[in-house]
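In the working numbering, the protein residues as written are 1 to 99.
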Amino acid sequence: MPKAVKCETLQDVRDNIDRLDEVIVGLLAERIGYVLQAAQFKETRDDVRIPKRIEFIVDRVRAHAIKEGMDPDMAESIYRHIMEESIAREELRWDDIND
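Below is the structure:
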């Protein structure tokens, strides 16, 4: 994964952050698309939240953060929020499918 390059101006910094934000949002949109598809494969609403899977993802994210030189606690915090939002939306999708 490319690392941040040295910027010459604050505008360069902002332009790069804006560029990355667009990429991140696109990836999050793709991720939620898969999350929503998962609902159709769950037999019960309780199957949407699987603590063992959550901890597996957190462990993987923490390891990758360390590899990339990122604070693993920060990465975990961000991902736990992403997963909570994802679970909430998947539960809604599960409800829609199973009404």
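Glycine included, C-beta positions come from ideal geometry on N, C-alpha and C.
Remember, it's a predicted structure, so these values are computed and weren't measured experimentally.
Query                                                                                      : Result
8 Å CB neighbourhood of aspartate 95 in its chain, flanking five on each side removed      : Arg45
Status (buried if at least 16 other CB within 10 Å, exposed otherwise) for alanine 63      : exposed
Cβ-Cβ separation, arginine 93 to leucine 36 (assumed contact under 8 Å), whole Å           : 5 Å
N-terminal and C-terminal residue of the alpha helix (DSSP H) that glutamate 68 is part of : 51-68
Extent of the continuous alpha helix (DSSP H) run through glutamate 90                     : 72-97
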